[in-house]
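Q: Counting from 3, one number per residue, gives the positions in the sequence shown under the numbering used here. Quick reminder that beta carbons are idealized off the backbone N, C-alpha and C, glycines included. One structure, as C-alpha cells, below. Some questions next.
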Amino acid sequence: MTTADSSRAADASEEGAPASPPDQPRTRWRVDLLAVLSFVLLAFWVTIRLWLDPEDGLRDNRTDQSQFEWMMAHGSRVVTDFAYPFTSERMNVPEAVNLMANTSVLSVSIPMTPVTLLAGPRMSFLLFLTLGMAATATSWYFLLSRVVVRSPGPAWLGATFCGFAPAMVSHANAHPNIVSQFVVPLIIWRTLRLSEPGRWLRNGILLALVIVWQAFLNLEILLMTAIGLGVVVAALALRRPDLRQRARPFLAGLGVAAAVALLLLAYPLYVQFFGPGAYRGLSPLIRGYSTDLASYVAYSRESLAGDEPGARGLTQNPTEENAFFGWPLLVLGAALVWWLRRNVVVRALALLAVLFAVLSLGREIVFNGELTGIPAPWAVLENLPILHSVVPTRWALAITPLFGLLLAYGAQRAQSLANRNPAARPQIRFATVTVLAMALVPLLPTPLPAVRLEPTPAFVTSGAWRPYVTDGRSIVTLPLPSTHYADPLRWSAETGLDMPIARGYFLGPDTRPGRHRVALFTAPARLTSELFEEIRRTGAVPSISQQQRTAAEEDLRYWRAGAVILGPHEHADALRNGMTELLGTAPTYTGGVWLWDVRNVTS
C-alpha cells in the first residue's frame with residue numbers, strides 16, 4: 003500500500019466508510035494463506051489435548067460434549083434414514099425432543115455426515131469444534147481485509163481476537179455452535195452489499211440464505227448480530243447523507259431478505275415454539291445467569307494470565323466466561339474509542355459494547371460474587387417474547403467481535419500514521435506493538451483441559467442391546483441421563499441413534515402443574531428418576547418403600563423399557579443395589595454393564 007493509499011484509507015475511515023481498495027499485490031494470496039494457517043494452528047492448539055488422545059473428553063463440560071455428539075449422529079441419521087430433522091424420539095422415550103429448541107446444528111451436522119459415518123460422532127464433534135474456531139477467524143479476516151480496513155495486518159489482529167478471545171475459548175468447552183461464528187461476517191458482508199444499485203433482489207436472496215444458515219447453527223448469535231447490525235446501519239444512515247441516497251435498494255433488498263428468510267424458517271420456527279417438546283422461556287435459574295461486573299477486568303482461567311480459583315468465583319461455570327477482558331484491554335479500548343471518535347462506526351461499536359455490557363448484568367448487579375442490591379435493566383426485558391430464551395450473561399459474548407473490530411480499526415490507523423510520517427515510523431511501530439502486547443499477551447489461549455472418558459461398554463458397541471428395543475422399547479440407564487450424567491447420549495450416538503434411551507439431557511417443557519412449560523434440562527422428574535438422582539448424588543441407597551416399587555414398575559412401563567443397564571460409575575454399587583431392591587431381582591453382568599431384563603415387567 004502506498005502512502006497515498008494509506009492516506010485515503012485513513013480519511014475514509016474517519017467517517018466510517020470502507021476504505022478505498024488498495025492495489026492488490028501479487029503476494030496477497032500468500033499473506034492470506036499464512037493468516038488462515040495461523041488460525042488453523044491456533045484452533046488445534048486450543049484443542050490439542052483432545053487430538054493427542056481421542057479417548058479423552060473435555061474436562062469441564064462432558065455433558066454438553068455428549069449432547070453434541072448425539073446431535074452430530076442425528077444429522078447423519080437425517081441423511082441416511084431420512085429422519086425427521088426437527089424433533090426426535092430416539093431420546094426421552096416415549097416423548098419427543100424438540101431439536102429446533104435445542105440447537106441441533108443441522109447446518110453443520112448434515113454436511114458432516116460422511117465424517118460421522120466414517121470416523122464416529124466424537125471425531126465429527128472434535129472437527130466441528132476445531133474447524134469452527136478456525137473458520138470463524140478466517141471469515142472475520144476476509145471481511146476485515148476486503149471490506150472494513152482493507153489491510154492484512156490489522157485484519158489479522160482483529161480476526162484473531164474475534165476467533166480466540168477468552169470468551170470464545172471458554173465456549174470451546176463443548177459449545178461448538180457458539181464458537182462457530184463464521185456465518186456472522188457473511189451476514190455483515192451481505193448486509194453491506196444491499197445498497198448496490200440494481201441488485202436488490204439478488205442481494206436480498208443471498209442475505210436470506212446466510213441468515214437461514216446461521217439460524218440452523220445458533221439463533222442466539224443471530225439475534226445479537228441483528229441488533230448490532232441495526233445499530234451500526236442506523237448510525238451510518240444518520241451521519242452519512244451520501245449513504246442515505248442508497249436507501250431505496252438497501253430497503254428493497256432488506257425486505258426481500260426478510261421475506262425469503264421468514265418463508266424458509268416459518269415451519270422450523272413453528273416447530274420450535276409450538277411443536278412437540280416446545281417450552282416457554284428458560285427457567286428462572288438459567289435466566290439468572292448474569293455477568294459479574296468484576297469479571298470484565300479479570301482474566302479467564304483458559305488465558306495465559308488466567309487464575310482458575312479467581313475466575314471460578316466470578317462465573318457460573320467454565321463455559322460461560324463471557325467477559326474477562328482484563329484491565330489493559332479495557333483501557334486500550336477506551337483509548338481507541340477516543341482516538342477514533344470521528345469514525346461513526348467506532349462510536350456505534352462503543353455504544354453497542356455499553357449496551358451489551360449492561361444487558362449482560364442480568365436482573366441485579368453482581369460484583370465479585372456478591373449481590374449488590376442494584377437492579378439492572380434486564381429485569382424489565384427478561385420476560386419479553388424471544389428474550390425470555392436468552393441467557394443474559396451471553397450478551398457479554400457479543401462484545402468480543404466489537405473489540406476485534408476496534409483493534410483492527412486502531413491498528414489500521416496506526417499503520418496509516420506510520421506511513422504518513424516516515425521519520426517517526428520506528429517509534430510509532432514500537433509504541434503500537436508495546437501497547438498491543440500489554441493488552442493481548444495476557445489473553446493468549448491455553449489448551450483446554452481434558453479428562454479420560456469411560457469407554458463405551460461392549461454391550462452397546464456389540465449391538466447386544468438390540469433384542470431389548472424391539473416393538474418400540476427403550477434402554478433405561480442408571481443413573482438416568484441428566485445435566486450431571488450424559489454418557490448414555492454418547493453411547494446412543496455411537497449406535498447412530500439406533501439405541502433409543504429413556505429421558506436424556508436436553509431442554510424440554512416442565513409440564514407439572516403451575517410450571518407454565520418453562521424449560522427444564524431434562525424431562526419432568528418421576529419418582530424413579532428422583533430416587534436414582536439421589537443415589538447418584540449421595541452414593542447411598544435410601545430406604546425403599548412399597549410405593550417406590552410400584553412407581554418403578556409404572557415408570558418402566560411409561561419409558562417402554564426393554565432393559566435397565568448400569569455402566570461404569572463411581573457409585574455403581576449403590577445404584578445396582580437400589581435397582582435390585584426396587585425390582586426384587588438381581589442383574590446379570592454382561593458386556594461391561596449390569597443388566598436387568600424388564601420386558602416381562604413392562605409387557
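#1: DSSP on A609, reduced to helix/strand/coil?
#2: Measure the beta-carbon distance from A521 to S285 and round it to whole angstroms, keeping in mind my assumption that it falls under 8 angstroms.
#3: Per DSSP, which residues does I567 bridge with? Please list them.
#4: Here's a check: name, in chain order, each residue in its chain whose Cβ is nearer than 6 angstroms to the Cβ of T552, leaving out the five neighbours to either side.
#5: Under 8 angstroms between the Cβ atoms of P2 and L351?
#6: Beta-carbon within less than 7 angstroms of A263's beta-carbon, same chain only, minus the 5 sequence neighbours each way: which residues are those?
#7: Taking A460 as the reference, give the member of Q67, L568, G506 with the closest Cα.
#8: By a C-beta neighbour count over all protein chains shown, 10 Å radius and 16 as the cutoff for buried, is I189 buried or exposed?
#9: Please confirm whether P449 and R204 have their CB atoms less than 8 angstroms apart.
#10: Which stretch, first to last residue, makes up the beta strand (DSSP E) that contains E372?
#11: Decide if the segment 509-523 is in contact with the segment 539-549; the criterion is three or more beta carbon pairs, one per stretch, under 8 angstroms apart.
#12: Could you work out which residue in N175, G257, R242 is closest to W202 when comparing CA atoms only?
#13: What is the DSSP secondary structure of D25, reduced to helix, strand or coil?
#14: What are the residues that DSSP puts in a beta bridge with P511?
#15: For V566, which residues of its own chain have a beta-carbon under 7 angstroms away from its beta-carbon, when the five flanking residues on both sides are left out?
#16: In terms of residues, what are the limits of the alpha helix (DSSP H) holding T590?
#17: Entirely within the segment 398-426 and at least 4 residues each: give me those alpha helix (DSSP H) ranges in chain order.
#18: Please classify V443: is it buried, with 16 or more other beta-carbons within 10 angstroms of its beta-carbon, or exposed?
#19: With DSSP collapsed to three states, give me the class of D34.
#20: With burial defined as no fewer than 16 other Cβ atoms inside 10 Å of the residue's Cβ, what is the status of T432: buried or exposed?
#21: Per DSSP, what are the beta-bridge partners of A452 in this structure?
#22: Report, in whole angstroms, the separation of the C-beta atoms of P469 and R505, which I expect to be a contact under 8 angstroms.
#23: Can you list, in chain order, the stretches of the beta strand (DSSP E) that have 3 or more residues and sit fully within the segment 63-121?
#24: Give me the residue from A554, E583, W493, L455 with the minimum Cα distance to E572.
#25: Per DSSP, P447 forms a beta bridge with which residues?
#26: I believe F88 touches M74 by the beta-carbon criterion, under 8 angstroms. Please report the beta-carbon distance rounded to the nearest angstrom.
#27: Taking the C-alpha atoms as reference points, what is the distance between G312 and S302?
#28: Alpha carbon to alpha carbon, how far is V48 from A441? Give it in angstroms, no decimals.
#29: Just checking my contact of P377 with R92 at CB under 8 angstroms: how many whole Å lie between their CB atoms?
#30: Rounded to a whole number of angstroms, what is the C-alpha to C-alpha distance between L491 and N104?
#31: State the beta-bridge partners of E366 as determined by DSSP.
#32: Since E218 sits in a beta bridge, which residues does DSSP pair it with?
#33: Do you know offhand how far P24's Cα is from R343's?
#34: Would you call T587 buried or exposed, if buried means 16 or more other Cβ atoms sit within 10 Å of its Cβ?
#35: Measuring only the C-alpha atoms, how far is P56 from L129?
#36: How about D58 and A452: are their beta carbons less than 8 angstroms apart?
A: On the basis of the coordinates in this document:
#1: This structure does not reach residue 609, given that the chain is present from 3 up to 605, and the question cannot be answered.
#2: Contact flag correct, Cβ pair sits at about 6 angstroms.
#3: Per DSSP, T479, L597.
#4: So the list is empty, once near-sequence residues are dropped.
#5: The structure shown does not extend to residue 2, since the chain spans only 3 to 605, so no value can be given for it.
#6: So the list reads A210, I213, V214, once near-sequence residues are dropped.
#7: Looking at the Cα atoms, L568 is the closest of the given residues.
#8: I189 is classed as buried because its beta carbon has at least 16 other beta carbons within 10 Å across all chains shown.
#9: The answer is no: Cβ separation not under 8 angstroms.
#10: Where E372 is concerned, the enclosing beta strand (DSSP E) stretches over 372-377.
#11: The segment 509-523 makes no contact with the segment 539-549, as fewer than three CB pairs between them are under 8 angstroms.
#12: Taking only the C-alpha atoms, the option nearest W202 is G257.
#13: Because the pLDDT at D25 is just 46, under 50, the model does not fix this residue reliably, and the point stays unresolved.
#14: A521.
#15: Contacts found: V478, L480, M581, W598, V600.
#16: Not the alpha helix (DSSP H): T590 falls in the beta strand (DSSP E), residues 590-592.
#17: Annotation note: the segment 398-426 contains the following uninterrupted alpha helix (DSSP H) runs of length 4 or greater, listed N- to C-terminal: 401-422.
#18: So V443 ends up on the exposed side.
#19: When DSSP states are grouped into helix, strand and coil, D34 belongs to the helix group.
#20: At residue 432 the sequence reads Phe, which differs from the Thr that was named. Exposed is the call here.
#21: DSSP lists L60 as the beta-bridge partner residues of A452.
#22: Contact between P469 and R505 is ruled out by a C-beta separation of about 22 angstroms, above the 8 angstroms threshold.
#23: Listed in chain order, they are 93-95.
#24: Relative to the Cα of E572, the nearest Cα in the group A554, E583, W493, L455 belongs to L455.
#25: Answer is S305.
#26: Actually they do not touch by this definition, with Cβ atoms about 16 angstroms apart.
#27: G312 and S302: Cα-Cα distance of roughly 9 angstroms.
#28: Whole-angstrom Cα-Cα distance: 20 angstroms.
#29: About 44 angstroms separates the two Cβ atoms, so there is no contact after all.
#30: So the two alpha carbons sit approximately 14 angstroms from each other.
#31: E366 is bridged to P377.
#32: For the record, residue 218 in the displayed sequence is Phe; it is not Glu. Note: F218 sits in no beta bridge, so no partner.
#33: Confidence at P24 is low in this model, with a pLDDT of 49, below 50, so its placement is unreliable and the value that follows should be read with caution. Approximately 24 angstroms, taken between the alpha carbons.
#34: Label assigned to T587: exposed.
#35: Whole-angstrom Cα-Cα distance: 11 angstroms.
#36: Result yes, Cβ atoms of D58 and A452 sit closer than 8 angstroms.
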